[in-house]
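Residue numbers (the numbering used here), protein chains in the order written: chain A, 1413 to 1806; chain W, -6 to 329. Every residue, glycine too, gets a C-beta built ideally from N, C-alpha and C.
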Amino acid sequence: MKKLLLATAASALMVGAASAQEIKIGVILGFTGPLESITPNMAAGAELAIAEVNAAGTLLDGATVTAVRGDSTCIDAGAATAAAERLVTSENVAAIMGADCSGVTGAILQNVARPNGIVMVSPSATSPGLSTAEDDGLFFRTAPSDARQGVVMTEVIMDRGIKSVALTYTNNDYGKGLADAFAAAFTAAGGTVTINASHEDGKADYSAEVAALASAGGEVLVVAGYTDQGGKGIIQASLDSGAFDTFVLPDGMVGQQLVDDIGSGLTGSFGQFPGTDSAGAEMFQKMAAEAGFEGTSAFAPESYDAAALIMLAMQKAGSSASADFKDHIMDLANAPGEEIFPGELAKAIEIIKAGGDIDYVGATAVELIGPGESAGNYREIEIKDGKIETVNFR
Amino acid sequence: MDLLNAFITLANFVIIPAIAYGSQLALGALGVTLIYGILRFSNFAHGDTMAFGTMVTILITWLFQAWGISLGVLPTALLALPFGIAGCAAFVLLTDRAVYRFYRTQKAKPVILVIVSMGVMFIMNGVVRFIIGPDDHNFSDGERFIISARTFRELTGLQEGLAIRTSTGITVITAVVVVALLFWFLNKTRTGKSMRAYSDNEDLALLSGINPERVVLVTWVIVAALATVAGTLYGLDKSFKAFTYFQLLLPIFASAIVGGLGSPVGAIAGGFVIAFSEVTITYAWKKVIVYVLPDGMGPDGLVQLLSTDYKFAVSFIILLVVLLFRPTGLFKGKSV
């Protein structure tokens, strides 16, 4: 009798686990800190994918997925590691969608993801250094490396007939990586970088930095910084002193908040951030508008794709354990197979269940190359009348 | 023409920013020097006193803006400044009653008071962040420029532009007015004279019937006023963030010590010495030199002595040199 009870209880437990499994996905982004103005849209992108899968209700035979948010702070590796540690050990997340900034992403990868064997898919860490980081096959990114952005930015600037630029970058992994990649590409293309100077975030006064930049000269100023930190301070001080009129804005500097804060001075400035003209981008924007957030915000589509890839890989492996599904992310993102666009996650799950192949295109035309990073599509933008307008895709 | 362009570049990127920064440092250093001269300790909480006063000013500014009160082309913060001073004075007096008076009656050594002021610094720091938050706040409104770089270029037809911001103009004018008032007060009024007497020799001052508590009270009120004015001007010119005010402590102390602790004239001179050295040493001179030298003889490099990242290092070095070779400062203050 006792044995029978035990067996019943045990099987009930197992059935319970199989039918109503709850999967948690950590969403670790800098909700406070330099990127706080774009991270809410990024998190909303990831949670949109999760909501879509939950609405279908077919993932792993009826598992429900919940997002658990953690704050990476973007700049404080210690705080980010602690947040990730909490998600992994006390919330038991199966995978991490994040982190955002390159420095904290590297820290979480080495201190939390690898020791615990948790898959991490970053939507926005773009440092070239992460391409070669030890990752035990656990780390992926739906954003391209900045080595690629350096080349694209060179093309954007050269196509406008500009041959000489001043360059300033925020003094961290992201800024330094992008600045070096760009300086190398721009010089190789025959351009001149008059000065390559760093600036610190969080200062009140950037007039000394701008004085040095102005003295070096250049037709435009490339600002590889953040929208609500030093990058904004540099632009404001440059406009105030009349040092530069036109600015080149890479991904970290593209944000409506910056345009609103600076005002008309930014008109005519241009730049690029990851984005695509594939049909997926528009579908995602429509879905985002319905869900009530900004679909064109930097890295929001990448976040959707990151979360979607994690869940589809779980389905492919038939398990929510990172060790099982980490090997499937690359196959799902790339050809061959049926193309999957945003809003078609339910269809994708059905195809995988039936044993078919999919090629996840998603909101950003994801194509994972090398060590699991996006090949990169960029949206060239220009500031016109206080609005960020897309003028080209590269 | 080229010489003129060189001068305009220099004025735009070195002279004008350094004058504004120097005025702000001088006002800050005056507060430190007064405390040192009269209350006889180095007040480490001065940066955060500035932050507190500025915070009150910002809150009142927001209130005025909500009510639709403004000063037209001038920033509303000027109107809110007296309230900021009052708020800061009240807070500082409260600190004096709660903390410093205890140590004063015990005749504690200056070094103990320095440590005490560090404790006060951390508490003030926390209070400011608790009330207004750790973020950047830009509270300047009104006309942004007296003359913008573009207008200047169009007016003069020169290649280089010269921008003078309203906040820079206000900073310099306010600093001159405040310093004049302070010197008049210290030299001409009875209270000012009693303060100087107390500073020179405490025992003699007590014997001649000066009320020490009154001197202390007046000192704190003046210091609060100076700190709030300095902080508000700095915030108007740059932006307000609690942490940057804490960081200002180093250049302010450097200014006060270089000028000679306890000497008001020294504090002003020290402020400008520090500001000009920070700006000129980290400035890239290439453009100016290219203008001055004949065509084709300009340097290829930037001619920059130190990267701008080392701005604070400049204050440190000047501080060290002065302490080593002239411990009493340029204007014969008290030796440290």
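Straight-line gap, G24 (chain W) to K304 (chain W) (C-alpha atoms, nearest Å): The residue labelled residue 24 (chain W) in the question sits at position 31 within the second sequence. The residue labelled residue 304 (chain W) in the question sits at position 311 within the second sequence. If I take the Cα positions, the gap works out to 23 angstroms.
V1480 (chain A) beta carbon less than 8 angstroms from that of G1518 (chain A): Counted from its first residue, the first sequence places residue 1518 (chain A) at position 106. Counted from its first residue, the first sequence places residue 1480 (chain A) at position 68. Their beta carbons are not under 8 angstroms apart, which means G1518 (chain A) does not touch V1480 (chain A) by this criterion.
Sub-8 angstroms separation of D1736 (chain A) and G1749 (chain A) beta-carbons: The residue given as residue 1736 (chain A) occupies position 324 in the first sequence. The residue given as residue 1749 (chain A) occupies position 337 in the first sequence. Cβ distance not < 8 angstroms, so D1736 (chain A) and G1749 (chain A) don't count as in contact.
Per DSSP, the bridge partner or partners of M1532 (chain A): Stepping through the first sequence from its first residue, residue 1532 (chain A) is reached at position 120. Paired residues: A:I1508 and A:F1551.
Alpha-carbon spacing of D1657 (chain A) relative to L254 (chain W), whole angstroms: On the first sequence, position 245 is the one that residue 1657 (chain A) refers to. On the second sequence, position 261 is the one that residue 254 (chain W) refers to. When rounded, the distance between both Cα atoms is 44 angstroms.
Straight-line gap, A19 (chain W) to V208 (chain W) (C-alpha atoms, nearest Å): What you label residue 19 (chain W) is simply residue 26 of the second sequence in a count that begins at 1. What you label residue 208 (chain W) is simply residue 215 of the second sequence in a count that begins at 1. Cα-Cα distance, rounded: 23 angstroms.
Range of the contiguous beta strand (DSSP E) that encloses V1439 (chain A): Translated into the one-based positions of the first sequence, residue 1439 (chain A) becomes position 27. First-last of the beta strand (DSSP E) with V1439 (chain A): E1434 to L1441.
Cross-chain neighbours of G154 (chain W) in chain A, by beta carbon under 7 angstroms: On the second sequence, position 161 is the one that residue 154 (chain W) refers to. Those within 7 angstroms of G154 (chain W) in chain A are G1654.
Assigned secondary structure, A1636 (chain A) (DSSP; H/G/I helix, E/B strand, else coil): Here residue 1636 (chain A) refers to the residue found at position 224 of the first sequence. Residue state, collapsed to three classes: strand.
Coil, strand or helix - S1801 (chain A) by DSSP: Position 389 of the first sequence holds residue 1801 (chain A). The sequence as given places Glu at residue 1801 (chain A); Ser does not occur at that position. Note: E1801 (chain A) maps to strand in three-state DSSP.
Cβ-based contacts, 9 angstroms cut-off: residues of the region 255 to 279 of chain W near chain A: E271, V272, T275, Y276, A277, W278 and K279
At least three beta-carbon pairs within less than 8 angstroms, the region 1502 to 1522 of chain A to the region 1438 to 1455 of chain A: Flag = yes, the region 1502 to 1522 of chain A and the region 1438 to 1455 of chain A touch.
Simplified DSSP state of Q297 (chain W), which is helix, strand or coil: Translated into the one-based positions of the second sequence, residue 297 (chain W) becomes position 304. The answer is strand: DSSP assigns Q297 (chain W) an E or B state.
Extent of the continuous alpha helix (DSSP H) to which K181 (chain W) belongs: One-based indexing of the second sequence puts residue 181 (chain W) at position 188. Run containing K181 (chain W): T159 to K181, per the alpha helix (DSSP H) assignment.
Where the alpha helix (DSSP H) containing F95 (chain W) begins and where it ends: By one-based count along the second sequence, residue 95 (chain W) stands at place 102. Its alpha helix (DSSP H) spans residues R94 to T98.
Coarse secondary structure for N1608 (chain A), derived from DSSP in three states: As a working mapping, residue 1608 (chain A) is identified with position 196 in the first sequence. In the structure shown, N1608 (chain A) sits in a strand (DSSP, three-state: E or B).
Local conformation of S1653 (chain A) per DSSP, three classes: Within the first sequence, numbered from 1, the residue matching residue 1653 (chain A) stands at position 241. Three-state DSSP puts S1653 (chain A) in a helix.
Under 7 angstroms by beta carbon: chain W residues contacting K1615 (chain A): As a first step, residue 1615 (chain A) is located in the first sequence; it is residue number 203 there, counting from the start. The contacting residues are T237.
Proximal residues of chain A, C-beta to C-beta of A142 (chain W) below 7 angstroms: Within the second sequence, the letter at position 149 stands for residue 142 (chain W). Within 7 angstroms Cβ-Cβ: S1653 and G1654.
contact_flag[the region 1626 to 1637 of chain A, the region 1574 to 1589 of chain A] where n(CB pairs < 8 angstroms) is 3 or more: With the cut-off at 8 angstroms, the region 1626 to 1637 of chain A and the region 1574 to 1589 of chain A touch.
Runs of alpha helix (DSSP H) lying entirely within the region 1685 to 1768 of chain A, each at least 4 residues, in chain order: 1691 to 1703, 1712 to 1729, 1734 to 1737, 1741 to 1745 and 1757 to 1765
Coil, strand or helix - L1670 (chain A) by DSSP: Along the first sequence, one-based indexing puts residue 1670 (chain A) at 258. Looking at L1670 (chain A) - three-state DSSP - the assignment turns out to be helix.
Members of the region 10 to 30 of chain W near chain A, C-beta cut-off 8 angstroms: P10 and Y14
F233 (chain W) beta carbon less than 8 angstroms from that of I51 (chain W): As a first step, residue 51 (chain W) must be located in the second sequence, where it is residue number 58. As a first step, residue 233 (chain W) must be located in the second sequence, where it is residue number 240. Cβ distance < 8 angstroms, so I51 (chain W) and F233 (chain W) count as in contact.
Continuous alpha helix (DSSP H) stretch holding I140 (chain W): start and end: Taking the second sequence and counting its residues from 1, the one referred to as residue 140 (chain W) is at position 147. Counting along the chain, I140 (chain W) falls outside any alpha helix (DSSP H), though it belongs to the beta strand (DSSP E) covering F138 to I140.
Test item: CB-CB of D1663 (chain A) and F1685 (chain A) under 8 angstroms: Locating residue 1663 (chain A) in the first sequence gives position 251, counting from the first residue. Locating residue 1685 (chain A) in the first sequence gives position 273, counting from the first residue. It is a contact, given that the beta carbons lie within the stated cut-off.
Chain-ordered chain W contacts of A1620 (chain A) [CB-CB under 8 angstroms]: Within the first sequence, numbered from 1, the residue matching residue 1620 (chain A) stands at position 208. Result: P10, E271, V272, T275, Y276, T301 and K304.
Chain A within 8 angstroms of V169 (chain W), Cβ atoms only: Along the second sequence, one-based indexing puts residue 169 (chain W) at 176. Chain A contact via Cβ: absent.
Residue-chain proximity (M1642 (chain A), chain W), Cβ-Cβ < 8 angstroms: Taking the first sequence and counting its residues from 1, one reaches residue 1642 (chain A) at position 230. According to the sequence shown, residue 1642 (chain A) is Gly rather than Met. Taking Cβ atoms only, chain W never reaches closer than 8 angstroms to G1642 (chain A), which makes this a no.
Residue burial classification, T1544 (chain A) (beta-carbon count within 10 angstroms, cutoff 16): As a first step, residue 1544 (chain A) must be located in the first sequence, where it is residue number 132. Classification of T1544 (chain A): exposed, given that the 10 Å Cβ count is below 16.
Length of the line joining the Cα atoms of A1729 (chain A) and A1712 (chain A): For the purposes of this step, residue 1729 (chain A) is identified with residue 317 of the first sequence, where counting begins at 1. For the purposes of this step, residue 1712 (chain A) is identified with residue 300 of the first sequence, where counting begins at 1. Rounded to the nearest angstrom, the two C-alpha atoms are 26 angstroms apart.
C-beta contact flag for A1718 (chain A) and I1462 (chain A) at 8 angstroms: Position 306 of the first sequence, counting from 1, holds the residue named residue 1718 (chain A). Position 50 of the first sequence, counting from 1, holds the residue named residue 1462 (chain A). Not a contact, by the Cβ cut-off of 8 angstroms.
Within chain W, partners of I1607 (chain A) - CB distance below 8 angstroms: Numbered from 1 along the first sequence, position 195 holds the residue referred to as residue 1607 (chain A). In chain order: A277 and L295.
Reference A44 (chain W); option with closest CA among W:R90, W:F115, W:P68 and W:G289: In the second sequence, the residue the question calls residue 44 (chain W) occupies position 51. It is W:F115.
According to DSSP, residues forming a beta bridge with Y1581 (chain A): The residue labelled residue 1581 (chain A) in the question sits at position 169 within the first sequence. Bridge partners of Y1581 (chain A): A:S1610 and A:A1636.
Own chain residues within Cβ distance below 6 angstroms of I53 (chain W), not counting five before or after: Translated into the one-based positions of the second sequence, residue 53 (chain W) becomes position 60. Closer than 6 angstroms at the Cβ level, and outside the excluded window around I53 (chain W), lie A73 and F76.
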